[in-house]
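Asker: Protein chains in written order, with the numbering used here: chain P, 1 to 326; chain L, 327 to 652.
Here a beta-carbon is modelled for each residue, glycine too, at the ideal position from N, C-alpha and C.
First the structure, then my questions, so here it is.
Put into structure tokens, the structure is as follows:
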């Protein structure tokens, strides 16, 4: 009975979404700009209120909602055995940046949610994306697979031997911050020089060439030579990053999402693939690189999948009810 | 009763060792140069014969030996659900090198061993080292830990969330072949340019500077300025490699072995540590780097630990009976 309704949150630096679903599919999805001021629990309180507002919108008694899955930006910090979040683009206590009017360093997300909901599962948004692709998308029944997003940032969700990797505080998958070219002058938001995200993420690539990253890739797709050189080089770095992960984890499948990939997979994929399979054949032979099946809904669907009763899954696979969220 | 004796093999490119043990500790250890000619099963046949010879030496009926753990050089290739090994320094079928008088490409190790023993567990030698350190050494009860050897090559054994990573064919941990500086002219035996092993492994560093690697590090330890520069740079690369693994897996503990580290950990450790903890503090704060506790016995003890009855472990922890192998 208490599994008749499940909830999900997608917490990002700009906006927050709350979704309710039952066995047939999503019932409602509402969003708000992410709160960035007030007390240290303000963001978590907002998340609870947004889920309760979703209950009201769907005509569901809020006491029915006991299971909540969360896709959140990270990094996570474990405090007293519960996950807090410490995203540099939300918590002003790290940088004192004037657009972050708060002194938060760690938001006690799990602690607050557990005061209201019996079951709470929080994962990094790339991990929930991986859960979504493993449950409903391009990686069903693949034990050694990796989700990677090439977007504003570069993030990974990792699965080895059929188990999703979490790490000591739930931060496994920050391979976007792998050093790839430490002598490079490409600086990442985290302060690294020459990490993968610093070299090619939407934010950093655009800043470095003085043009929106989307425009660079569009110009490259149109055959503009200078843009083509920049984009090809970026795809090569991305491929080397995937190779590094494959060499480390003996991966068989990469599922790629994010705005850069979604728009340009057709011509980027062969460049990326070549960088992976041209090295260490015992590990890379037969490695497959495919586009994420769930597109922009991937984090939401993954957050739902974290707390979804197993018996819902076959029906959802058949009917793809998440499409109503689009 | 059939757990009263266990066996282990340590299969390397130069020599092979067979060990027998009972609940009190190792009984016998014998070694032979690794066979590199004959039929495709010659090496696996040698392994069986060496275990049987060990039985004879120890006065044990060979039918008593049903459980065998194996530490082997890789990479592994899965054939019909069983592990074969394809080490480039044993199988002549890859390179046609004149010092490898065989045309082997994949040695059917598991298949042959299973014809003689009921329980066979085969792992990469860095994975067995990790198992040894997790069972008896420096990583007991640490869920997110990594073993890494800095020796002739650079190899890793990975553990996340309390589980050892294997990957699609048991090759997880080849992070020594991560690209760290793709524009470098440091070429690895695998053909990569600027991977970690190409940059700093015993074999490659020595070749590049035209001097035995051990001598370079000894001269550096003695304060010889040029050697000190080379060794410090190598330690920085090693630290960046550990950082990359920590960023990918959210590791809390690195256990380091191998001849380079064993002789020079005292002054290398601070250089390595600085490269790890100076980046991405949410993941690297508090990461610990320690020296492997089991030294040269690590692969042998790990191979035994792969098939050891759990009830032997407390006693072995108390008495460290593997020291008789040294």
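Considering only residues of the stretch 436–488 of chain L, which uninterrupted alpha helix (DSSP H) runs meet the minimum length of 4 residues and lie entirely inside it, listed in chain order?
Answerer: If we require 4 residues or more, the alpha helix (DSSP H) runs fully inside the stretch 436–488 of chain L come out as 451–462.
Asker: Taking residue 31 of chain P as the reference, give the member of P:19, P:322 and P:39 with the closest Cα.
Answerer: What you label residue 31 of chain P is simply residue 31 of the first chain in a count that begins at 1. When each option's Cα is compared against that of residue 31 of chain P, the closest is P:19.
Asker: Nearer than 7 Å: is that true of the beta carbon of residue 484 of chain L relative to any heavy atom of the ligand ADP?
Answerer: Questions concerning the ligand ADP fall outside what the structure shown contains, since it holds no ligand whatsoever.
Asker: Starting from the Cα of residue 245 of chain P, find the closest Cα among P:167, P:160 and P:213 and give me that residue.
Answerer: As a working mapping, residue 245 of chain P is identified with position 245 in the first chain. Nearest of P:167, P:160 and P:213 to residue 245 of chain P, Cα basis: P:160.
Asker: Report the residues of the stretch 162–174 of chain P with a CB closer than 8 Å to any CB of chain L, ordered along the chain.
Answerer: Listed by position along the chain: 163, 165, 166, 167, 168, 169, 170, 171, 172, 173 and 174.
Asker: Give me whichever residues DSSP pairs with residue 88 of chain P in a beta bridge.
Answerer: Your numbering for residue 88 of chain P matches position 88 in the first chain. DSSP, once it has assigned bridges, lists no residue as partnering residue 88 of chain P.
Asker: Output needed for residue 403 of chain L: all residues of its chain with C-beta closer than 7 Å, excluding positions within five of it in sequence on either side, in chain order.
Answerer: On the second chain, residue 403 of chain L is found 77 positions in, with the first residue counted as 1. Answer for residue 403 of chain L: 410, 412, 432 and 495, listed in chain order.
Asker: Three-state secondary structure (DSSP) at residue 399 of chain L?
Answerer: Looking up residue 399 of chain L in the second chain gives position 73. Reduced to three states, the DSSP call for residue 399 of chain L is coil.
Asker: Closer than 9 Å by beta-carbon distance: list the chain P residues that pair up with residue 605 of chain L, in chain order.
Answerer: Walking along the second chain from the start, residue 605 of chain L turns up at place 279. Under the 9 Å cutoff, chain P gives 177, 179, 190, 191, 192 and 195.
Asker: Listed in chain order, which residues of the stretch 66–81 of chain P have Cβ atoms closer than 7 Å to some Cβ of chain L?
Answerer: Those would be 75 and 77, in chain order.
Asker: Would you call the CB atoms of residue 407 of chain L and residue 251 of chain P closer than 8 Å?
Answerer: For the purposes of this step, residue 407 of chain L is taken as residue 81 along the second chain, with counting starting at 1. For the purposes of this step, residue 251 of chain P is taken as residue 251 along the first chain, with counting starting at 1. In this structure, residue 251 of chain P does not lie closer than 8 Å to residue 407 of chain L by Cβ.
Asker: Looking only at its chain, what residues have a beta carbon closer than 7 Å to the beta carbon of residue 530 of chain L, apart from the 5 residues adjacent to it on each side?
Answerer: Here residue 530 of chain L is taken as the residue at index 204 of the second chain, counted from 1. Result list for residue 530 of chain L: 512, 514, 523 and 524, in chain order.
Asker: Quick check: residue 294 of chain P and residue 137 of chain P, are their CB atoms within less than 8 Å of each other?
Answerer: Locating residue 294 of chain P in the first chain gives position 294, where the first residue counts as 1. Locating residue 137 of chain P in the first chain gives position 137, where the first residue counts as 1. Yes, the Cβ-Cβ distance between residue 294 of chain P and residue 137 of chain P is below 8 Å.
Asker: Using 8 Å as the limit for Cβ to Cβ distance, is residue 86 of chain P near chain L?
Answerer: The sequence position of residue 86 of chain P within the first chain is 86, counting from 1. Answer yes: the Cβ-Cβ gap between residue 86 of chain P and chain L drops below 8 Å somewhere.
Asker: Please confirm whether residue 245 of chain P has its beta-carbon closer than 8 Å to some beta-carbon of chain L.
Answerer: Counting from one through the first chain, the residue named residue 245 of chain P turns up at place 245. Output row for residue 245 of chain P: interface = yes.
Asker: Assign residue 296 of chain P to one of three DSSP states: helix, strand, or coil.
Answerer: Counting from one through the first chain, the residue named residue 296 of chain P turns up at place 296. Reduced to three states, the DSSP call for residue 296 of chain P is helix.
Asker: Give me, in chain order, the residues of the same chain whose beta-carbon lies closer than 6 Å to that of residue 337 of chain L; leave out the 5 immediate sequence neighbours on both sides.
Answerer: In the second chain, counting from the first residue as 1, residue 337 of chain L sits at position 11. The answer, listed in chain order, is 398.
Asker: At the level of alpha carbons, what is the spacing between residue 155 of chain P and residue 125 of chain P?
Answerer: For the purposes of this step, residue 155 of chain P is taken as the residue at position 155 of the first chain. For the purposes of this step, residue 125 of chain P is taken as the residue at position 125 of the first chain. So the alpha carbons of these two residues sit roughly 9 Å apart.
Asker: Determine the chain P residues that contact residue 575 of chain L at a beta-carbon separation under 7 Å, and present them in chain order.
Answerer: Taking the first residue of the second chain as 1, we reach residue 575 of chain L at position 249. What residue 575 of chain L touches in chain P: 165, 167 and 172.
Asker: Would you mind reading off the limits of the alpha helix (DSSP H) that contains residue 207 of chain P?
Answerer: One-based indexing of the first chain puts residue 207 of chain P at position 207. Run containing residue 207 of chain P: 202–209, per the alpha helix (DSSP H) assignment.
Asker: Counting only C-beta atoms, is residue 182 of chain P closer than 8 Å to chain L at any point?
Answerer: Mapped onto the first chain, residue 182 of chain P falls at position 182. By this cut-off, residue 182 of chain P is an interface position.
Asker: As a quick exercise: from P:75, P:55 and P:48, pick the residue whose alpha carbon is nearest that of residue 112 of chain P.
Answerer: To locate residue 112 of chain P, count along the first chain from 1; it is residue 112. Checked all of P:75, P:55 and P:48; the closest Cα to residue 112 of chain P is P:48.
Asker: Whose C-beta lies closer than 6 Å to the C-beta of residue 327 of chain L among residues of the same chain, with five residues either side of it excluded?
Answerer: Residue numbering aside, residue 327 of chain L sits at position 1 when the second chain is read from its first letter. Below a pLDDT of 50, predicted positions are generally treated as unreliable, and residue 327 of chain L, at 44, falls in that range; the measurement from the model is reported next regardless. Cβ neighbours of residue 327 of chain L beyond the five flanking positions: none.
Asker: May I have a chain-ordered list of the alpha helix (DSSP H) segments no shorter than 4 residues that lie completely inside the stretch 506–580 of chain L?
Answerer: Here the runs fully enclosed are 522–526, 528–535, 539–547 and 551–575.
Asker: Rounding to the nearest angstrom, what Cα-Cα distance links residue 209 of chain P and residue 231 of chain P in this structure?
Answerer: Working through the first chain from its first residue, we reach residue 209 of chain P at position 209. Working through the first chain from its first residue, we reach residue 231 of chain P at position 231. Taking the straight line joining both Cα atoms gives about 11 Å.
Asker: If we ignore side chains and look at the alpha-carbon of each, how far apart do residue 145 of chain P and residue 296 of chain P end up?
Answerer: To locate residue 145 of chain P, count along the first chain from 1; it is residue 145. To locate residue 296 of chain P, count along the first chain from 1; it is residue 296. Those two C-alpha atoms are separated by around 19 Å.
Asker: By the three-class DSSP mapping on this structure, what secondary structure does residue 596 of chain L have?
Answerer: Sequence index remark: in the second chain, residue 596 of chain L carries index 270 (1-based). Residue state, collapsed to three classes: helix.
Asker: Please list the terminal residues of the continuous alpha helix (DSSP H) segment that includes residue 317 of chain P.
Answerer: Here residue 317 of chain P refers to the residue found at position 317 of the first chain. First-last of the alpha helix (DSSP H) with residue 317 of chain P: 313–319.
Asker: Find the nearest neighbour of residue 221 of chain P within the set P:206, P:265 and P:180, judged by alpha-carbon distance.
Answerer: In the first chain, counting from the first residue as 1, residue 221 of chain P sits at position 221. Residue 221 of chain P has its Cα closest to that of P:265, out of P:206, P:265 and P:180.
Asker: For the stretch 460–472 of chain L, which residues have a beta carbon sitting closer than 8 Å to at least one beta carbon of chain P?
Answerer: Cβ contacts with chain P: 469 and 470.
Asker: Does the beta carbon of residue 2 of chain P sit closer than 8 Å to a beta carbon anywhere in chain L?
Answerer: Your numbering for residue 2 of chain P matches position 2 in the first chain. Reliability of the predicted coordinates at residue 2 of chain P is poor, the pLDDT of 43 falling under 50, and no value is obtained from them.
Asker: With DSSP as the reference, identify every bridge partner of residue 18 of chain P, one or two as the case may be.
Answerer: By one-based count along the first chain, residue 18 of chain P stands at place 18. In the DSSP output, where bridge partners are listed per residue, residue 18 of chain P has P:9 and P:30.
Asker: Less than 8 Å separating the beta-carbons of residue 583 of chain L and residue 461 of chain L?
Answerer: Translated into positions along the second chain, residue 583 of chain L becomes position 257. Translated into positions along the second chain, residue 461 of chain L becomes position 135. Not a contact, by the Cβ cut-off of 8 Å.
Asker: Hey, is residue 120 of chain P's beta-carbon within less than 8 Å of any beta-carbon in chain L?
Answerer: Sequence index remark: in the first chain, residue 120 of chain P carries index 120 (1-based). Answer no: the Cβ-Cβ gap between residue 120 of chain P and chain L never drops below 8 Å.
Asker: Pull up the distance between the alpha-carbon of residue 54 of chain P and that of residue 300 of chain P, whole angstroms please.
Answerer: Taking the first chain and counting its residues from 1, one reaches residue 54 of chain P at position 54. Taking the first chain and counting its residues from 1, one reaches residue 300 of chain P at position 300. The alpha-carbon atoms of residue 54 of chain P and residue 300 of chain P are separated by roughly 14 Å.
Asker: Taking 8 Å as the threshold, find out whether the stretch 308–315 of chain P comes into contact with the stretch 270–280 of chain P through three or more Cβ pairs.
Answerer: These segments do not touch.
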